[in-house]
Each structure stands twice: as C-alpha cells, then as structure tokens.
Amino acid sequence: RQNGGEDFNKKCPPALISHFITGFSWEHSLPNPAPVCAFSFMLLVGGVCSAHFVFDKFILYWPLNIIIYFGSAIGMMLCVMAEVWLIAKGFILGLRLCVLLFLLNIMLCGTGLFDVLCHQNSELKSDLVIAIIMVVLCRWVMNGETFTMMIRFCLGRRLVRVALQKYLTSQTRK
1 RQNGGEDFNK KCPPALISHF ITGFSWEHSL PNPAPVCAFS FMLLVGGVCS AHFVFDKFIL
61 YWPLNIIIYF GSAIGMMLCV MAEVWLIAKG FILGLRLCVL LFLLNIMLCG TGLFDVLCHQ
121 NSELKSDLVI AIIMVVLCRW VMNGETFTMM IRFCLGRRLV RVALQKYLTS QTRK
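With the numbering used here as the guide, the letters of the sequence shown map in order to residues 1 to 174.
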C-alpha cells in the first residue's frame, strides 16, 4: 500500500512544502548559482591544462596531436555541461560526476607534477601552475557555504517536486 502523501506530510515540514508550492522558491530565495558556474569553469580550465601532461608523452605528428587535444577538451566540456545540467535538475549523479571530474584533475595534476619534478620538463611548468591553481580553487569553492547551499536547494527542490507529484497522483486515485 502506498501512502506517499501521508508520509510526505509527516517527514517534510509544512514551511518547506508551502515554500515550494507557493512559488516563493523562484521569486526570492534562489541561492546564488555563481559558485557552481565558477567551479565548472575552473574544472574545465584545469582539466584542459592538465590533459596536456598526458598528451605530451605521446610523440605524434602535430595534426593528430591537435585533434586528440581538442577532442579531449570538447569531451571535458560536454562532461562539465552534463554535470551542471544534472545538478540544476537536482540529480545526485551530477554531484558524483562533479567529484569524479575533480579527482581526474587531481590525478592529471599529479602526473604533471611527477613529470616536471622527475624529468625536468620545464616547458610544461606554466600549464602545471595553472592546473594546480584551478584544483586548489575548485576545492575552495566546493568547501564554500554558497556552493553547498545551491546543491542542497536543487536537491531539495527535486525531492519536494517528486514527493508532491506522488502525493497528487495518490490523491487522484482515490
């Protein structure tokens, strides 16, 4: 037996329900999406800069190297766009993709740091500095309260929408 509406009313405070139903969530209390956008931009720039470390190891002729480099940049851009879309829709998968891309950036920065320190590859130092700065800034933004508030807002809005939809469908069946 499904009693989604009753369970929803018991678990969710009335202020939260009325907040999302009356439309106040769209008018006044939308958190600032700038940290999510800034994080995504820094993730993209850091990913493209740190991908250069991997592609520098392959000795390919320049047209193929450029195609691989820009192909990976476009792939990274599509992943970041998917991550932002999933977060905006309130799916936890967007946050998981966000963390996976962040960990990929850390791994690629580690590869670049190893290359610069062990092989004395000085031509990649500027890319390494940019990639490390972007990883540190991404971590700083992720730890920020505004980023967390925006994620919670998107997830909460989706949960209320799903619970309200279940509640309304259970009311129409009666």
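Yeah, the Cβ is synthetic: ideal placement off N, Cα and C, and Gly gets one too.
query	result
Separation of Phe147 from Leu124, as counted between CA atoms	31 angstroms
C-beta contact flag for Ala88 and Cys138 at 9 angstroms	no
Same chain, Cβ closer than 7 angstroms to Asp56, neighbours up to 5 away in sequence not counted	Leu124
Host alpha helix (DSSP H) of Leu44 (start-end)	Ala34 to Asp56
Coil, strand or helix - Gly90 by DSSP	coil
Residues of its chain near Leu159, where Cβ-Cβ distance is below 6 angstroms and the 5 sequence neighbours each way are ignored	none
Status (buried if at least 16 other CB within 10 Å, exposed otherwise) for Val35	Residue identity check: residue 35 is Pro in the sequence provided, not Val. When all chains shown are included, Pro35 counts as buried.
Cβ neighbour criterion (16 or more within 10 Å) applied to Glu83	buried
Outcome for Ser122 when other beta-carbon atoms lying within 10 angstroms are tallied against a minimum of 16	exposed
Three-pair Cβ contact test at 8 angstroms for the segment 61-72 versus the segment 89-103	no
Sequence-distant residues of the same chain with beta carbon closer than 7 angstroms to Gly144, five excluded per side	Pro35
Buried versus exposed call for Phe102 [16 or more other C-beta atoms within 10 Å across all chains shown]	buried
Rounded Cβ spacing between Gly112 and Leu128 (contact assumed at less than 8 angstroms)	5 angstroms
Same chain only: Cβ atoms within 8 angstroms of Leu30, ignoring 5 sequence neighbours per side	Phe153
Exposed unless 16 or more other CB atoms sit within 10 angstroms - verdict on Cys98	buried
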